[in-house]
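So the sequence lines, in the order shown, correspond to chains A and B. Numbered according to my numbering, the first sequence spans residues 19 to 384. Numbered according to my numbering, the second sequence spans residues 19 to 384. Even glycine gets a Cβ: it sits at the ideal position worked out from N, Cα and C. Quick notes on the structure that follows.
Number of protein chains: 2
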Amino acid sequence: MASDGNKRVRVKLGERSYEILIGRGLIEQAATHFTVAKLGKRGIIIADTTVEPLYADKLVAALEDGGFSVKVLTIPAGELSKSLRQANRLLEKLPSLGLDRHSFVVGLGGGVAGDLAGFVAGTYLRGLPFVQVPTTLLAQVDSSVGGKTGVNLPQGKNLVGVFHQPRLVLADTGTLQTLPVRELRAGFAEAIKTGAIYDAKFFSWLEKNYRRVLRREPAELVETVRRCCEIKAAVVGADEREGGLRAILNFGHTIGHALEALADFTGLLHGEAVAIGMNCAARLSARHAGLPVVEAQRIVKLCKASGLPVVVGAGYNLPALYEAMRLDKKAVGGRLRFVLLKRLGKAVISDAITDADIEEVVHECR
Amino acid sequence: MASDGNKRVRVKLGERSYEILIGRGLIEQAATHFTVAKLGKRGIIIADTTVEPLYADKLVAALEDGGFSVKVLTIPAGELSKSLRQANRLLEKLPSLGLDRHSFVVGLGGGVAGDLAGFVAGTYLRGLPFVQVPTTLLAQVDSSVGGKTGVNLPQGKNLVGVFHQPRLVLADTGTLQTLPVRELRAGFAEAIKTGAIYDAKFFSWLEKNYRRVLRREPAELVETVRRCCEIKAAVVGADEREGGLRAILNFGHTIGHALEALADFTGLLHGEAVAIGMNCAARLSARHAGLPVVEAQRIVKLCKASGLPVVVGAGYNLPALYEAMRLDKKAVGGRLRFVLLKRLGKAVISDAITDADIEEVVHECR
Numbered sequence: 019m020a021s022d023g024n025k026r027v028r029v030k031l032g033e034r035s036y037e038i039l040i041g042r043g044l045i046e047q048a049a050t051h052f053t054v055a056k057l058g059k060r061g062i063i064i065a066d067t068t069v070e071p072l073y074a075d076k077l078v079a080a081l082e083d084g085g086f087s088v089k090v091l092t093i094p095a096g097e098l099s100k101s102l103r104q105a106n107r108l109l110e111k112l113p114s115l116g117l118d119r120h121s122f123v124v125g126l127g128g129g130v131a132g133d134l135a136g137f138v139a140g141t142y143l144r145g146l147p148f149v150q151v152p153t154t155l156l157a158q159v160d161s162s163v164g165g166k167t168g169v170n171l172p173q174g175k176n177l178v179g180v181f182h183q184p185r186l187v188l189a190d191t192g193t194l195q196t197l198p199v200r201e202l203r204a205g206f207a208e209a210i211k212t213g214a215i216y217d218a219k220f221f222s223w224l225e226k227n228y229r230r231v232l233r234r235e236p237a238e239l240v241e242t243v244r245r246c247c248e249i250k251a252a253v254v255g256a257d258e259r260e261g262g263l264r265a266i267l268n269f270g271h272t273i274g275h276a277l278e279a280l281a282d283f284t285g286l287l288h289g290e291a292v293a294i295g296m297n298c299a300a301r302l303s304a305r306h307a308g309l310p311v312v313e314a315q316r317i318v319k320l321c322k323a324s325g326l327p328v329v330v331g332a333g334y335n336l337p338a339l340y341e342a343m344r345l346d347k348k349a350v351g352g353r354l355r356f357v358l359l360k361r362l363g364k365a366v367i368s369d370a371i372t373d374a375d376i377e378e379v380v381h382e383c384r
Numbered sequence: 019m020a021s022d023g024n025k026r027v028r029v030k031l032g033e034r035s036y037e038i039l040i041g042r043g044l045i046e047q048a049a050t051h052f053t054v055a056k057l058g059k060r061g062i063i064i065a066d067t068t069v070e071p072l073y074a075d076k077l078v079a080a081l082e083d084g085g086f087s088v089k090v091l092t093i094p095a096g097e098l099s100k101s102l103r104q105a106n107r108l109l110e111k112l113p114s115l116g117l118d119r120h121s122f123v124v125g126l127g128g129g130v131a132g133d134l135a136g137f138v139a140g141t142y143l144r145g146l147p148f149v150q151v152p153t154t155l156l157a158q159v160d161s162s163v164g165g166k167t168g169v170n171l172p173q174g175k176n177l178v179g180v181f182h183q184p185r186l187v188l189a190d191t192g193t194l195q196t197l198p199v200r201e202l203r204a205g206f207a208e209a210i211k212t213g214a215i216y217d218a219k220f221f222s223w224l225e226k227n228y229r230r231v232l233r234r235e236p237a238e239l240v241e242t243v244r245r246c247c248e249i250k251a252a253v254v255g256a257d258e259r260e261g262g263l264r265a266i267l268n269f270g271h272t273i274g275h276a277l278e279a280l281a282d283f284t285g286l287l288h289g290e291a292v293a294i295g296m297n298c299a300a301r302l303s304a305r306h307a308g309l310p311v312v313e314a315q316r317i318v319k320l321c322k323a324s325g326l327p328v329v330v331g332a333g334y335n336l337p338a339l340y341e342a343m344r345l346d347k348k349a350v351g352g353r354l355r356f357v358l359l360k361r362l363g364k365a366v367i368s369d370a371i372t373d374a375d376i377e378e379v380v381h382e383c384r
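Structure, rendered in structure tokens:
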């Protein structure tokens, strides 16, 4: 715990190391933390049309009070903004704003704003300092940590992007009070995933406390974000560019991403797709990696209790779903790599899962 | 010298180290060198409409004979292809080609193909292995080495891009036999720059041998490319991301880039703009950094003798030229940083050059 009452998680990546601060009221304290992180005096904030009216003015005021000069660029709310078209629109606005290599880019909002702002920061002038100010549970527990940035192509999620680590992450848990409940639940799916792959104790804590988290009790929100960031920081610190360990973060994501892609990024929230994907992956784990059936059931049960979907909708064209999985970045030589669990808290990577195995569990989960 | 008669320069960047091979017939030997560099079995080649008919079939045949599977994607010839629009067009084609994270992207051609292919390689699936096969003197002596990739915005050159080091560079000097003489001269401008900033002996060698180089004598072409790559490798190896030393490579480029931008990237070749920029920068160096006037004159004389322009055309709107310079990535806090010479072979960075100083030399060079 930092002396100011915020929690603090350090992501150790050599000269690219940075701090994640977690607590209520961090947006109001932004200038102090920007100064400590040695950010330049000028920057832009990228926010979507939902988050901009809620928090952009507050962040701008806090930074301007601290002597920073910032301008807000707004994008339409929704996953469709995570496109090359939006990235280009933003990049083409930047030359007139007087930015130089020391200027910063802030991604204020959920995963879409963060991933898009990170891509813009990673490519403008071949890389500007980047700050994440996540305002959704999903972004606070997952997408704002780790340096993955990117946009979608019509054929699949995150197919274009760069690794670009932030200089600072401010996870203001106060912002979660305004988050729609469906999004809160979707973010919670990534917390469930984090416990499932890395920390059985944290998984049990989530089972015990999920109601408090979903009721937005401040202490439980902070603890959920803190532990998820700590785990993700450990995984990313060991494997920044997904050569090995980092792949375990994709538990539930191979099928999840494909479901999202076919829903055209609009029908399912990312966390909802991951919950369905975890149902499939838990079954595959029980069958092919030795996960006790009772532990597989605990994952599905916690998802359901949290109000998350776990069933593959009837509307999906299964051949198209398998095709979408093959486009996944994790595929190597056309062969899918699956993250499976040996037990709760212990993930393994498998490339022994056949198309028939996948079809079987997808049918079971319909 | 390698046992196969090729010259070899190693760029030392830790785990991102790679080799530049220089010699005649390297395209025909591509499969061997791709295998040694441990590249995957599948990839794409990006070439423009000028280079594609000359060398793409040859490279494809050489790679397919060696068991590689490659597809050629063509872009229109010319600097206008170095755009976000072209990058997007290429990126959107990739998902249907069955590439995975081990697949490679080859930039075959001049700086435009190399910079654009590098940007595509650096952003697709957050980074694919990249190979440069430069076929212009400019690309062989300069743009294919160092890992800078990118595209232009309407407001300036290379404003969007990433650092993405190649895994291998094959500089087949045989390709220079088909290069239009104007482009050969433009490439030679970067060789003059390289000698001027780093190696007075090499500069003298160029003064003595420029006629042979421009007559495309094979041995002198190889030596020019080899020494330029060696120098650039030393500079980039000491400063991969342009925190310090690397900036000296921009001698002549601050004014040069602005001239290019205002000519809409079509009126002047890059090397021609750099030659004019070097004329201005040599004068600034004599006035503000102690470069002996006789050495400043040698730079201008060698440019002229090589058939390069050294005069700022009458058509330029000077206020627009100064404005374009301010957009330069090298500007910090609105202040321009200039590369000046203390003497031939010894560059320094100066931020003491005023607008009035610049206007003065630009007027002299009109």
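Nearest Cα to E225 of chain A within the set A:L197, A:V254 and A:K322: A:K322. At a cut-off of 8 angstroms between beta-carbon atoms, Y142 of chain A makes contact with chain B. Within chain B, the residues whose beta carbon sits less than 7 angstroms from that of G179 of chain A are T141 and R144, listed in sequence order. Around the CB of V330 of chain A, 16 or more other CB atoms lie within 10 Å, so the residue is classed as buried. Distances from the alpha-carbon of V366 of chain A to those of A:L358, A:A256 and A:E82 put A:L358 closest. Note that the C-beta distance between A135 of chain B and I64 of chain B is below 8 angstroms. For T53 of chain B, the uninterrupted alpha helix (DSSP H) segment begins and ends at A48 to V54.
Put simply, the region 226 to 244 of chain B does not touch the region 81 to 88 of chain B. Fewer than three CB pairs are less than 8 angstroms apart.
At least 8 angstroms separates the CB of E238 of chain A from every CB of chain B. Chain-order list of chain A residues neighbouring K166 of chain B: R144, by C-beta distance under 8 angstroms.
Taking 8 angstroms as the CB threshold, Q173 of chain A lines the interface with chain B. Collapsing the DSSP output to three states places D257 of chain B in coil. Between K25 of chain B and V240 of chain B, the gap from beta carbon to beta carbon is short of 8 angstroms.
Residue pairing by DSSP places D66 of chain A opposite A:I93 in a beta bridge.
Residues of chain B whose Cβ lies closer than 7 angstroms to the Cβ of P113 of chain A are, in chain order, L171, Q173, G174, L177 and L345.
Using a Cβ distance threshold of 8 angstroms, G363 of chain A and D160 of chain A do not count as a contacting pair.
Distance from the CA of E110 of chain A to the CA of A74 of chain A, rounded to the nearest whole angstrom, comes to 21 angstroms. Between the alpha carbons of S121 of chain A and H51 of chain A lies a distance of about 15 angstroms. With respect to chain A, the C-beta atom of E278 of chain B has no partner C-beta closer than 8 angstroms. Of the residues A:E290, A:R185, A:N170 and A:V254, the one whose Cα lies closest to the Cα of A265 of chain A is A:V254.
When the alpha-carbon of L171 of chain A is set against those of A:R103, A:S87, A:K219 and A:L155, the nearest one is in A:R103.
A straight line joining the alpha-carbon of E97 of chain B with that of V130 of chain B spans about 6 angstroms. Looking at the backbone, the Cα of E278 of chain A and that of L287 of chain A are separated by about 8 angstroms.
In terms of CA proximity to Y334 of chain A, A:R384 leads the group A:P327, A:R384 and A:I317.
If you ignore the 5 residues before and after E313 of chain A, its C-beta comes within less than 7 angstroms of the C-beta of R361 and L362, all in its own chain and listed in chain order.
If you check each beta-carbon in the region 51 to 84 of chain A against every beta-carbon of chain B, the ones closer than 9 angstroms belong to G58, K59 and R60.
Take the alpha-carbon of G295 of chain A and the one of H381 of chain A: they are about 13 angstroms apart. For L109 of chain B, the chain A residues whose C-beta falls within less than 9 angstroms of its own C-beta are L102, L171, L177 and V178, listed in chain order. DSSP assignment within the region 75 to 129 of chain A yields the following whole alpha helix (DSSP H) runs of 4 residues or more, N-terminal first: 75 to 83 and 102 to 111. Under the criterion of beta carbons closer than 8 angstroms, V69 of chain A and L126 of chain A qualify as touching, at roughly 6 angstroms. For N227 of chain B, no CB of chain A lies under 8 angstroms from its own CB, so it is not counted at the interface with that chain. For the pair T191 of chain B and V149 of chain B, the CB atoms are not nearer than the 8 angstroms cut-off. Of the candidates B:G174, B:I93 and B:V178, the residue whose Cα lies closest to the Cα of N106 of chain A is B:V178. A Cβ-Cβ separation of about 7 angstroms places A189 of chain A in contact with L44 of chain A under the 8 angstroms criterion. The C-beta separation of V180 of chain A from R144 of chain B comes to about 6 angstroms, placing the pair in contact by the 8 angstroms criterion.
It is roughly 40 angstroms from the alpha-carbon of A204 of chain A to the alpha-carbon of R185 of chain B.
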